[in-house]
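*Asks:* Input: one structure, supplied below.
Protein chains in written order, with this note's numbering: chain A, 31 to 811; chain B, 22 to 166.
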């Protein structure tokens, strides 16, 4: 074989092909694309000859047509190994680097560059120093390869077997992410040792970047892996369900909801709303926050009793029986309910009246509501309005709020499961009001029969028909009920009970109930009537029967304790035994201690929890024309005291009083208890009598109480609350009562047996009262 | 001006080179050949007959004068050169240049059971055929004194 064949001879004059974005090292095989006319010509002509070109990298990468000054004058001679011409005229080349060359002189620039070049022969320099650097560089490069995702692992083997320092340096430089200038610098470094040294900082830098990004990737991957795992498992589950012919959880839920909507009895609006929401739900990912919100809303729509109703019991006689079973007396209220049922029976669609039970606590307003529900065969729901100050409690929260839900009215209906329950709104007089809106206004919409057939809850946003609901409200007083609300209600008064009524209630209802609730039987305990009367008189003071029942319960518990301890004999609860069960007497008759004092008269007062008796005390002391009024009296009451005083001064002689008393004395009127605010004109008569007693030195007859407003001229005007006052007087042991004549009609409300026990004096002017108060001579009483 | 083929930025990866042109699959050699610069490697078939191990290499266009076969130990080496096939046409423009030219080499590791001496070769119609006779293994007994 001839010498000429053995070595590829690089001509001293080479065509120079500028290349962009790449530095070619010897032994590097690289594909090139050529589209420039001049370079195509260069290629064509070279292929006919030596097939060797000089590759010089462009200094500037942004030009397609560099001048000789815009390319590096140090490059690589390369052999064109393969060539392919494309239909569009461009040429693709595969070239292999042969040797470093230095351009000595450009010989021509047109049509392409040619230059005289110096071929640089690299000496395979060996030595301990070079070996050491080689190992160092090689191990750095191995680590870079293992971390760099862009370098194939087989490169490790190639680098490992490389024992020529020149080739190793070129191999590494061509595989590192270096800038053009750096790559060119490596190319131009002819000495192998220097070339390797140049690579060390680049390798170190690349390594630290790779290590850092590897660490970051590791952290990110942990997070990603968890999410991906979840996602993957979920998708698998879907696929499995699909294979089994089951719908996935989401679709199953949507289908179930659609089924329920189809079956449910909804109003047309509700059906439309539910359908729209389900469509929205179907498009929502199951883990979206709003998914649950929408889901809950649909449940609400589906669970409301749009058309479910209980049939009414319209048997008037039976209803009356049930009402009587549950409650003693209350004839007026029971009549009203029976009337309502009768109307319902005759005319199917009677609009529910809104009854308002007004009375002191413990008279049975709430339990009466429950009893009505039972009598009519309807469900019962009770909602207390006491302290409700937010409109949203009635009308619901808009669905935009987190945790929003319908108002209490809708909640109550859902709980009942029917759209015609007896719906009791307790404590309507204690409804609050603040910046969150006026709940009373919202209640109007609920209660008004003209608009509640399309009550719109903020949460539901679909009208609901409340017209079949029978609303009953309760209150202790009517004064604090917002007037717009009061107008829409029919007020039924439940006045307090007198002792006889309490006794009947206790015997018929409270005792049997408490005996049963405490696990006793009638064979183990018996209440004597005298014991119950003693409880009402000595252990309770109230208009209702709540405390009475509590005391009875207390006795029952104590007996139950005995029975549970094994002592099974029957107990008979007598008045004498009460002290053992209930401790010392809690209340004493007020009258006893006050009888016969000069300057004290007994009046009657009305309070929200029933009637009370009160005392007007007056006293005089040396002084001059002073009048002091104490006992937390209101403006009206103070004025009424002043009027009383003026009246007496004007009629001093008639009342057998020293006309000049006011010149020598100061007067003080006090109304205990001092801590309870009092107001109103109805104590006028009492004040006059109290003052006359003081000034004339005569005590008022005992067991006499009085009420009535007094004018300056001495006329007596009618006052309110007669029934409660009379009952309170009776409870307190009063025997005679002085009343304004015009209040005579009010006595009709007073139970007959109370009337029988009391003597009533009806007066038109206050001097009649004074006569009655000091009529000791009549003596008979 | 020339740029690197953008689709082949992995040009530094030698296995990619083979895929560059559809018909250049033989270029799977390392980018940095350790033995020599710029050689190509002809295709070859190797098979055994009852008597011989036969090696056939595809070397069309190579002159017999430019061929050399040598055996050294277990390695049989064929080297040579394929001169430029277009040399006759001084004025030519290539549309395609696929045939490798210039120096080539082929190295074949020989199994133990073929003779290193009994080698025949024929070059005909562009195929070089080398036959190596199979030989029984020679066991050399070493006497212990």
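Here a beta-carbon is modelled for each residue, glycine too, at the ideal position from N, C-alpha and C.
Among 411/A, 657/A and 760/A, which has the Cα closest to the Cα of residue 446/A?
*Replies:* 411/A
*Asks:* Tell me which residues share the same chain as residue 800/A and place their Cβ nearer than 8 angstroms to its Cβ, disregarding the 5 neighbours each side in the sequence.
*Replies:* 685, 718, 719 and 722
*Asks:* Rounded to whole angstroms, what's the CA-CA distance from residue 635/A to residue 680/A? Just pull it up for me.
*Replies:* 27 angstroms
*Asks:* For the structure I just gave you, are there three or more beta carbon pairs, one from the stretch 516-526 of chain A and one from the stretch 404-418 of chain A, closer than 8 angstroms?
*Replies:* These segments do not touch.
*Asks:* Rounded to whole angstroms, what's the CA-CA distance from residue 729/A to residue 715/A? Just pull it up for me.
*Replies:* 16 angstroms
*Asks:* Within 8 angstroms (strictly less), CB to CB, does residue 115/A reach chain B?
*Replies:* For residue 115/A, the closest Cβ of chain B is nearer than 8 angstroms.
*Asks:* Relative to the C-alpha of residue 151/A, which candidate in 674/A, 585/A and 197/A has its C-alpha closest?
*Replies:* Taking only the C-alpha atoms, the option nearest residue 151/A is 197/A.
*Asks:* Taking 6 angstroms as the limit between beta carbons, can you name the residues of its chain near residue 689/A, skipping five residues before and five after?
*Replies:* 682
*Asks:* Determine the extent of the beta strand (DSSP E) in which residue 527/A is found, giving its start and end residues.
*Replies:* No beta strand (DSSP E) contains residue 527/A, which DSSP labels as neither H nor E.
*Asks:* Which runs of the alpha helix (DSSP H) spanning at least 4 residues fall entirely within the stretch 475-552 of chain A, listed in chain order?
*Replies:* 513-517, 529-535 and 541-547
*Asks:* Leaving aside the five residues before and after residue 44/B along the sequence, list all residues of the same chain whose C-beta is less than 7 angstroms from its C-beta, in chain order.
*Replies:* With a pLDDT of 37 at residue 44/B, under the threshold of 50, the predicted position of this residue should be treated as unreliable, and no value is reported.
*Asks:* Find the residues of chain A that neighbour residue 138/B, judging by a C-beta separation of less than 9 angstroms, and give them in chain order.
*Replies:* None at all; the shortest Cβ gap to chain A is about 23 angstroms.
*Asks:* If you check the beta carbons only, do residue 550/A and residue 590/A fall under 8 angstroms apart?
*Replies:* yes
*Asks:* Under 8 angstroms between the Cβ atoms of residue 222/A and residue 199/A?
*Replies:* yes
*Asks:* Spatial neighbours of residue 130/B within its chain, please: CB distance less than 7 angstroms, with the 5 preceding and 5 following residues excluded, ordered by chain position.
*Replies:* Cβ neighbours of residue 130/B beyond the five flanking positions: 95 and 96.
*Asks:* Got a sec: which bits of the stretch 72-91 of chain A sit with their beta carbon under 7 angstroms from any beta carbon on chain E, in order along the chain?
*Replies:* Considering every chain present, this structure includes no chain E. Its protein chains are A and B.
*Asks:* In terms of alpha-carbon separation, which member of 374/A, 285/A and 552/A lies closest to residue 593/A?
*Replies:* Per the C-alpha coordinates, the member of 374/A, 285/A and 552/A positioned closest to residue 593/A is 552/A.
*Asks:* Would residue 762/A and residue 643/A be called neighbours here (beta carbons separated by less than 8 angstroms)?
*Replies:* Yes; because the gap between Cβ atoms is below 8 angstroms, this pair is in contact.
*Asks:* Our contact map puts residue 287/A next to residue 316/A with C-beta atoms below 8 angstroms; I'd like the distance itself, whole angstroms only.
*Replies:* About 13 angstroms separates the two Cβ atoms, so there is no contact after all.
*Asks:* Which of the three DSSP states, helix, strand or coil, is assigned to residue 133/B?
*Replies:* Shown here, residue 133/B sits in coil according to DSSP, grouped into three states, outside any helix or strand.
*Asks:* Apart from the five residues on each side of it in sequence, which residues of its chain come closer than 7 angstroms, Cβ to Cβ, to residue 80/A?
*Replies:* The residues are 41.
*Asks:* So what does DSSP say about residue 84/A, is it helix, strand or coil?
*Replies:* strand
*Asks:* Give the C-beta separation of residue 478/A and residue 516/A to the nearest angstrom, bearing in mind that I take them to be a contact with Cβ-Cβ under 8 angstroms.
*Replies:* About 13 angstroms separates the beta carbons of residue 478/A and residue 516/A, which is beyond the 8 angstroms limit, so they are not a contact pair.
*Asks:* Who does residue 569/A pair with in a DSSP beta bridge?
*Replies:* BP columns for residue 569/A are empty, so no partner.
*Asks:* When you compare only the Cα positions, how much space is there between residue 656/A and residue 692/A?
*Replies:* 8 angstroms
*Asks:* Within its chain, find whatever has a CB closer than 7 angstroms to the CB of residue 102/A; leave out the 5 residues flanking it on each side and keep chain order.
*Replies:* Contacts found: 86, 87, 89 and 214.
*Asks:* Whole angstroms are fine: how far does the CA of residue 726/A sit from the CA of residue 687/A?
*Replies:* 5 angstroms
*Asks:* So residue 91/B is in the beta strand (DSSP E); what residue range does that whole segment cover?
*Replies:* 88-93
*Asks:* Can you pull the DSSP bridge partners for residue 330/A?
*Replies:* Paired residue(s): none; residue 330/A is not in a bridge.
*Asks:* Would you call the stretch 115-134 of chain A in contact with the stretch 133-145 of chain B, where contact means no fewer than 3 C-beta pairs closer than 8 angstroms?
*Replies:* no
*Asks:* For the beta strand (DSSP E) containing residue 82/B, name the first residue and the last one.
*Replies:* Under the DSSP assignment, residue 82/B falls outside any beta strand (DSSP E); it carries neither an H nor an E label.
*Asks:* Closer than 8 angstroms, Cβ to Cβ, to anything on chain B: give me those residues from the stretch 111-141 of chain A, in chain order.
*Replies:* Taking a C-beta cut-off of 8 angstroms against chain B, the contacting residues of the stretch 111-141 of chain A are 111, 112, 113, 114, 115, 122, 123, 124, 126 and 128, listed in chain order.
*Asks:* Please confirm if residue 45/A has its CB atom under 8 angstroms from at least one CB of chain B.
*Replies:* Contact with chain B is absent for residue 45/A, since none of that chain's Cβ atoms lies less than 8 angstroms from the residue's Cβ.
*Asks:* Can you say whether residue 112/A is buried or exposed, counting buried as having 16 or more other CB atoms within 10 angstroms of its CB?
*Replies:* buried
*Asks:* Quick check on residue 147/B - is its C-beta less than 8 angstroms from some C-beta in chain A?
*Replies:* no
*Asks:* Quick one: does residue 38/A have its CB under 8 angstroms from some CB of chain B?
*Replies:* yes
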